[in-house]
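Numbering (this note's numbering), first residue to last: 6 to 202.
Beta carbons are placed, not taken as given, at the ideal position from N, Cα and C, and that holds for glycine.
Keep in mind that this is a model prediction, so the values were computed, not measured.
Before any comments, here is the structure.
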């Protein structure tokens, strides 16, 4: 579906350029946009390498255990049916920690592992469990305190003040997480009442 959307957008752009007599500017835009994309990607690789290294140091030094300790009450509240010492809970805590630090790339492997473990707790059912739905809501909305990836993108794009978005990011992600959890609970109750679990 995404491929079709991209094709339609590209085709529409070429058609508009052809009908407005601006085909010569298309080539210049393609090359300048490609050059900018490559430079941003290279800049982002260095930032991501740095923050993934910091995440590894946090993990190896044991600091991640303190972060997980701080997040455990919230995780226990959100996932009361998952045993505290189960591998799914550990993967969820690692995912939440990485998302909290704004490292979505580092959070992804933990999210996949959490879903695998939750599927085992679900008895390999073809329907997602309540815990899987809640985890998906928490993971996709992801409360972020330090948006390291976005800061990296802003640095790579030449922003004069790349960290000015921290306050806005906290408010936005707090709101999105609260909304995701609210709808998770409301829809769960609605489907149970309708007998569609």
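Beta-carbon proximity check, residue i vs residue j, cutoff 8 angstroms
i, j, result
"residue 111", "residue 93", "no"
"residue 168", "residue 156", "yes"
"residue 95", "residue 147", "no"
"residue 13", "residue 22", "no"
"residue 151", "residue 176", "no"
"residue 72", "residue 37", "no"
"residue 189", "residue 142", "yes"
"residue 98", "residue 68", "no"
"residue 193", "residue 135", "yes"
"residue 100", "residue 84", "no"
For residue i, the three-state DSSP class (helix, strand or coil)
i, result
"residue 163", "coil"
"residue 202", "Reliability of the predicted coordinates at residue 202 is poor, the pLDDT of 48 falling under 50, and the value obtained from them is presented with this limitation in mind. Note: residue 202 maps to coil in three-state DSSP."
"residue 108", "coil"
"residue 101", "helix"
"residue 62", "helix"
"residue 46", "helix"
"residue 191", "helix"
"residue 34", "helix"
"residue 19", "helix"
"residue 172", "helix"
"residue 158", "helix"
"residue 121", "helix"
"residue 127", "coil"
"residue 57", "helix"
"residue 149", "coil"
Among the options, nearest to residue i - alpha-carbon criterion
i, options, result
"residue 163", "125, 116, 11 and 44", "44"
"residue 161", "98, 52 and 133", "52"
"residue 180", "6, 149, 140 and 84", "149"
"residue 108", "66, 41, 79 and 55", "55"
"residue 64", "154, 106 and 123", "106"
"residue 139", "191, 131, 11 and 178", "191"
Opening and closing residue of the alpha helix (DSSP H) in which residue i lies
i, result
"residue 134", "From DSSP, residue 134 is part of no alpha helix (DSSP H); its letter is neither H nor E."
"residue 81", "68-83"
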